[in-house]
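In UniProt numbering, the protein residues as written are 1 to 83.
Below, the structure is given as structure tokens:
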């Protein structure tokens, strides 16, 4: 009886570790090589549907296309007065 109880406790512990350990192993930011630029043309071009490389503060950064489109649309709507 004791043996079965300990086996269940060990399996529950392993199951909990499998569930919660990846939460602590997530990489949030990786410091890589900075590519310095003057314009967007200086940055390496990638072919991706969702991301584009842009020159931001003289460094090439990978940004989402949809977010930039949203920022552009909100900026345009702020500039146009309501009728």
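Ideal Cβ positions, reconstructed from N, Cα and C, are used throughout, including at glycine. From a predicted model like this one, the values you see are computed outputs, not experimental measurements.
Check your understanding: Any contact of the segment 51 to 59 with the segment 32 to 43, i.e. 3+ C-beta pairs under 8 Å?
Key -> The segment 51 to 59 makes contact with the segment 32 to 43, as at least three CB pairs between them are under 8 Å.
Review point. For residue 33, which of helix, strand or coil comes out of DSSP?
Key: Under the three-state reduction of DSSP output, residue 33 falls in the coil class, being neither helix nor strand.
Review point. Residue 62 by DSSP, collapsed to three states: which one?
Key: In this structure, DSSP gives residue 62 an extended state, which the three-state scheme calls strand.
**Study point:** residue 55 - containing beta strand (DSSP E), residue span
**Key:** Per DSSP, residue 55 belongs to the beta strand (DSSP E) from 51 to 56.
Review point. Cα-Cα, which of 7, 65, 58, 63 is closest to residue 34?
Key: For residue 34, the nearest C-alpha among the options comes from 58.
Point to revise | Rounded straight-line distance, which links the Cα of residue 18 to that of residue 5 | key: If I take the Cα positions, the gap works out to 20 Å.
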